[in-house]
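Okay, so here's the structure we're looking at.
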Amino acid sequence: MAATPSFAEMPEKVTFDDHVAPIFREHCLACHDSGGRSADLSLETFADAMTGGASGKVLEPGSGDGSRLYQLMAHIDEPIMPPGQDKLPDDQLALVKAWIDGGLLENAGSKAMKSSKPAVAAFVPSADNRPAGEPAMPGGFFREPIVRAPYAGAVNNVAASPWAPLVAMTGQRQVLLYHADTRELLAVVPFVVGTPEVVRFSRNGDLLLVAGGRGAAVGVAHLWDIKTGERISELGDELDTVLAADIVADHSLVALGGPRKRVQVLRTADGSLAYSITKHTDWITALEFSPDGKYLAIADRSGNGTVWEAATGRTVSALTGHKVAITSMSWRGDSQLLATSSDDGEIRTWQPSGAAIKQWNVGSGILDVAFTKDGRLVSIGRDRAARLWNTDGQEQRRLGQGDDIGLSIATTHDDSHAVFSDWTGAVRVAKLEDGAEVGRLDGNPPTIAMRVETAKGELAAIAPTIAPAEQSLAAAMTTLENATAAVEKHKADKAAAADALAKLEQSQRDFTAQFEARRKELEELDKAIATVAGEQQSAESRLGELKQQLASVGNQEGEEADDKKVAELNAQITEHESALEGILARRQESESKRPTADKAQQETKQQVDALTGPMNQHREALAQLEAAEKNLPDLSGLVTERDRLQGELNTKRQQQADAEARIASLEAELSAYAAAQGEFESRLASESQATEAKSAELAKVEEQLAGEMAKVAEVSKELEALEAQLEALQAKRRELSSVAETSKTAADTLSAEVAELASKKAKIEKAVSDFRAAAELRQQFAEEK
18 MAATPSFAEM
28 PEKVTFDDHV
38 APIFREHCLA
48 CHDSGGRSAD
58 LSLETFADAM
68 TGGASGKVLE
78 PGSGDGSRLY
88 QLMAHIDEPI
98 MPPGQDKLPD
108 DQLALVKAWI
118 DGGLLENAGS
128 KAMKSSKPAV
138 AAFVPSADNR
148 PAGEPAMPGG
158 FFREPIVRAP
168 YAGAVNNVAA
178 SPWAPLVAMT
188 GQRQVLLYHA
198 DTRELLAVVP
208 FVVGTPEVVR
218 FSRNGDLLLV
228 AGGRGAAVGV
238 AHLWDIKTGE
248 RISELGDELD
258 TVLAADIVAD
268 HSLVALGGPR
278 KRVQVLRTAD
288 GSLAYSITKH
298 TDWITALEFS
308 PDGKYLAIAD
318 RSGNGTVWEA
328 ATGRTVSALT
338 GHKVAITSMS
348 WRGDSQLLAT
358 SSDDGEIRTW
368 QPSGAAIKQW
378 NVGSGILDVA
388 FTKDGRLVSI
398 GRDRAARLWN
408 TDGQEQRRLG
418 QGDDIGLSIA
428 TTHDDSHAVF
438 SDWTGAVRVA
448 KLEDGAEVGR
458 LDGNPPTIAM
468 RVETAKGELA
478 AIAPTIAPAE
488 QSLAAAMTTL
498 ENATAAVEKH
508 KADKAAAADA
518 LAKLEQSQRD
528 FTAQFEARRK
538 ELEELDKAIA
548 TVAGEQQSAE
558 SRLGELKQQL
568 ASVGNQEGEE
578 ADDKKVAELN
588 AQITEHESAL
598 EGILARRQES
608 ESKRPTADKA
618 QQETKQQVDA
628 LTGPMNQHRE
638 ALAQLEAAEK
648 NLPDLSGLVT
658 ERDRLQGELN
668 TKRQQQADAE
678 ARIASLEAEL
688 SAYAAAQGEF
698 ESRLASESQA
708 TEAKSAELAK
718 VEEQLAGEMA
728 KVAEVSKELE
738 ALEAQLEALQ
748 AKRRELSSVA
758 ETSKTAADTL
768 SAEVAELASK
778 KAKIEKAVSD
788 FRAAAELRQQ
798 FAEEK
């Protein structure tokens with residue numbers, strides 16, 4: 018029985034025969050041999066394991082985590098295997114998983130199997146290709162740059178998600194994903210096989226296509242799931258870098274083109290070739306699927322453009338008109354209009370049928386043109402200027418200018434901004450409505466460790482400012498409190514003075530009212546005294562008259578008459594005397610009241626006069642308080658200053674908290690990256706080794722091909738010489754035949770020589786044919802590599 022390698026000794030190729038069969042024999046065959054077949058599953062032979070059991074296949078090539086057998090053996094799912102026992106040792110589980118991930122090799126000479134599951138989730142195109150759920154934003158990616166160079170390199174391509182605030186830009190062996198609004202770095206997508214030349218979002222925004230490679234060495238495309246950060250497919254195995262690439266709307270096909278003058282259209286399900294387009298005779302410089310997935314437009318370096326059926330690769334139309342290299346292509350959202358640009362500054366629009374609609378010249382080479390969602394166009398090129406156009410060729414505005422030749426341009430998902438790059442590596446973000454630059458994206462972002470140090474520096478700079486800011490705020494608050502107390506005291510003093518004055522004024526009004534009432538009372542008394550005096554005078558006058566009448570009656574004759582009259586007069590006199598007494602009593606009473614009323618009036622007048630002084634004093638004090646108000650502290654200014662200092666302190670505290678949070682987040686990210694770095698570096702080394710192996714194999718094939726071609730050239734020269742000799746002999750034969758009478762023997766000799774030369778020619782022609790066939794086979798082999 019073969020020994021199971023330890024985890025640290027993981028072989029380069031894990032096979033069933035050498036590594037996995039011993040594990041199955043030790044742990045599984047008691048239930049799952051050819052005779053027992055528990056659940057109809059046998060693991061005794063490679064063929065048995067590939068067949069699966071009653072529930073179907075248990076192994077998925079390339080996906081250990083997704084294989085039912087590994088899930089049960091690792092106790093990820095139930096029923097656990099082996100039943101009732103602990104799971105297998107980690108090193109043995111690692112071997113089984115490595116065997117599945119490596120493509121289920123039977124032995125060292127086997128070829129890895131490809132997964133039967135589609136690598137890419139299908140998408141049903143719609144009118145605008147909007148995703149059903151939330152637009153995809155990056156998840157599962159690291160933000161650690163693959164390359165941090167001394168300076169930024171040229172950004173070959175920029176792209177924007179059609180539905181999310183997300184911008185992608187090529188970098189050095191990586192693609193960078195930025196938030197379109199905040200311009201924050203969200204993800205770094207590695208492309209270690211070489212230089213990424215193309216970055217594209219799928220039409221629903223869920224997938225990211227990255228393509229490129231190394232000149233005259235390798236060209237590939239990678240498909241990434243944006244939400245999970247998983248690379249789900251590697252497509253293509255070109256012998257030169259990829260310069261143009263796109264993915265069809267339903268995710269079923271990817272098209273690749275470049276210096277090899279052909280376009281390979283590959284199935285995303287398994288990477289197989291759907292069809293190849295070889296009509297173009299120069300480098301493929303641009304290609305794009307229409308948004309509805311019906312067409313594939315292709316352009317080359319000689320100015321030739323074509324439109325093909327995306328599903329079949331059949332010709333639809335030729336785009337005839339450009340005289341120099343077509344640099345870019347872009348379909349309008351309704352798939353009814355195609356824009357192309359060329360290196361002589363020309364922009365053209367076409368119908369899919371190939372009918373030319375409009376053309377205009379910018380005056381300098383246009384290197385990229387793209388439709389906005391609302392059907393306008395943006396462009397950039399050799400004059401560095403980014404422009405916005407309508408489809409009639411009218412320039413609506415400049416969107417800014419780069420520091421060097423402009424390379425690529427795109428508009429954000431909401432058509433609010435344009436993002437464009439130049440040869441220096443600068444990437445600008447400008448408003449589409451007015452062309453104002455709002456910021457830039459870093460094509461050479463710092464490492465996580467550098468960002469940690471930057472954040473620590475920010476924290477170190479902020480921390481010492483907190484205490485002084487707190488002290489300034491405390492002093493401002495004390496000043497405000499003291500000023501507030503002074504203002505409140507002033508207000509209280511003023512209110513007290515005003516209240517006292519009001520009370521004095523009220524007392525004065527009350528006393529004045531009393532004085533007025535007593536004045537009226539005196540007037541009434543004087544009127545009453547005068548009235549009584551008049552009544553007294555009237556009564557005394559009448560009484561005098563009555564007494565005179567009585568005296569006169571006493572002088573009359575007739576005693577009887579006199580007595581009666583006297584009696585009447587006496588009665589009247591008595592009555593008037595009694596009335597006069599009452600009148601005198603009332604007068605005496607009224608006159609007795611007047612001194613008291615007069616005194617009360619005088620006293621009231623004195624009280625009124627006595628209030629005048631205090632009232633004037635209070636009025637003067639109130640006037641002084643009102644005059645002092647202009648010298649009171651400006652509480653609103655002090656409040657504003659306090660609020661300003663409070664705001665500054667809050668800002669500093671928030672900056673401190675943000676820096677601390679950023680440091681914690683970055684350190685956690687750095688820790689996670691460090692934990693995954695081993696696996697990443699292993700994959701990087703593996704891909705680099707694979708690339709180097711391909712390059713070495715290619716160089717060997719090319720060397721062999723050059724040798725064979727040299728042999729073909731030598732044999733061809735020899736053939737040409739023999740053909741010349743044969744032609745000369747045949748001419749001589751014709752000459753001799755015409756004079757056959759000279760010598761039949763000579764003719765026979767020449768015929769023999771001609772036959773011999775003809776035989777040699779046939780052999781040489783066969784050798785040349787064999788050499789050419791071998792050369793073609795090697796060329797084909799090189800292309801497949």
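Per my numbering: the sequence shown = residues 18 to 802.
Ideal Cβ placement from N, Cα and C applies to all residues, glycine included.
Bear in mind the structure is a predicted one, so any value in this text is a computation, not a measurement.
{"Asked": "Residue closest to leucine 260, alpha-carbon to alpha-carbon, out of Ser269, Gly275 and Ser555", "Found": "Gly275"}
{"Asked": "Paired residues, beta bridge with glycine 456 - DSSP", "Found": "Val446"}
{"Asked": "Those residues which DSSP pairs with serine 359 across a bridge", "Found": "Ile343"}
{"Asked": "Own chain, CB closer than 6 Å to valine 341, minus 5 neighbours either side, in chain order", "Found": "Gly320, Ser359, Asp360 and Asp361"}
{"Asked": "CB contact flag (asparagine 461, alanine 166, <8 Å)", "Found": "yes"}
{"Asked": "Backbone CA spacing between valine 625 and glutamine 531 [nearest angstrom]", "Found": "10 Å"}
{"Asked": "Reference isoleucine 397, options Val386, Lys390 and Asp391, closest by Cα", "Found": "Val386"}
{"Asked": "Rounded C-alpha distance that separates leucine 490 from valine 192", "Found": "47 Å"}
{"Asked": "For methionine 632, three-class secondary structure by DSSP", "Found": "helix"}
{"Asked": "Nearest to leucine 666 (by Cα), restricted to the options Asn499, Leu586, Phe437 and Pro481", "Found": "Pro481"}
{"Asked": "8 Å CB neighbourhood of serine 219 in its chain, flanking five on each side removed", "Found": "Phe140, Leu225, Leu226, Ile264, Ala266 and His268"}
{"Asked": "Proximity below 8 Å, CB of proline 100 to CB of cysteine 45", "Found": "no"}
{"Asked": "Rounded straight-line distance, which links the Cα of alanine 373 to that of glutamine 411", "Found": "17 Å"}
{"Asked": "Assigned secondary structure, glycine 664 (DSSP; H/G/I helix, E/B strand, else coil)", "Found": "helix"}
{"Asked": "Reference isoleucine 465, options Val164, Asp107, Lys131 and Val37, closest by Cα", "Found": "Val164"}
{"Asked": "Chain-order list of residues whose beta-carbon lies under 7 Å from that of valine 333 (same chain, five-residue window excluded)", "Found": "Tyr312, Val324, Trp325, Glu326 and Pro369"}
{"Asked": "Simplified DSSP assignment, three categories, for serine 438", "Found": "strand"}
{"Asked": "Methionine 346, buried or exposed, once every other Cβ within 10 Å from all chains shown has been counted against 16", "Found": "buried"}
{"Asked": "Alpha carbon of arginine 604 to alpha carbon of threonine 591, nearest angstrom", "Found": "20 Å"}
{"Asked": "Collapsed DSSP secondary structure at tyrosine 168 in the structure displayed", "Found": "coil"}
{"Asked": "Integer Cβ distance of valine 184 from leucine 458, believed to fall under 8 Å", "Found": "7 Å"}
{"Asked": "Glutamate 505, buried or exposed, once every other Cβ within 10 Å from all chains shown has been counted against 16", "Found": "exposed"}
{"Asked": "Where glycine 70 falls: helix, strand or coil (DSSP)", "Found": "strand"}
{"Asked": "Chain-order list of residues whose beta-carbon lies under 8 Å from that of aspartate 35 (same chain, five-residue window excluded)", "Found": "Ala19, Pro28, Asn124 and Ala125"}
{"Asked": "When Leu270, Thr245 and Arg231 are compared against glutamate 255, the one with the closest alpha-carbon", "Found": "Arg231"}
{"Asked": "Which of helix, strand or coil DSSP assigns to phenylalanine 158", "Found": "coil"}
{"Asked": "Boundaries of the alpha helix (DSSP H) in which valine 137 is found, first to last residue", "Found": "Premise fails: valine 137 is in no alpha helix (DSSP H) and is neither H nor E."}
{"Asked": "Selection from Asn499, Ala91 and Asp580 that minimises the alpha carbon distance to leucine 105", "Found": "Ala91"}
{"Asked": "Meets three-Cβ-pair contact criterion under 8 Å: the region 596 to 616 and the region 502 to 520", "Found": "no"}
{"Asked": "Below-8 Å beta-carbon distance, glycine 371 vs any chain B residue", "Found": "Looking for chain B here will not work: only one protein chain is present."}
{"Asked": "Contacting residues, own chain, Cβ-Cβ under 6 Å from phenylalanine 24 (five flanking each side not counted)", "Found": "At phenylalanine 24, the pLDDT of 40 sits below 50, so the modelled position is not reliable and the matter cannot be decided from this model."}
{"Asked": "Test item: CB-CB of glycine 81 and isoleucine 40 under 8 Å", "Found": "no"}
{"Asked": "Alanine 738 versus lysine 749 - alpha carbon distance", "Found": "16 Å"}
{"Asked": "Residue of Ala228, Ser569 and Glu61 minimising C-alpha distance to cysteine 48", "Found": "Glu61"}
{"Asked": "Glutamate 363 vs histidine 339 beta-carbon contact at 8 Å", "Found": "yes"}
{"Asked": "Rounded C-alpha distance that separates arginine 659 from leucine 497", "Found": "8 Å"}
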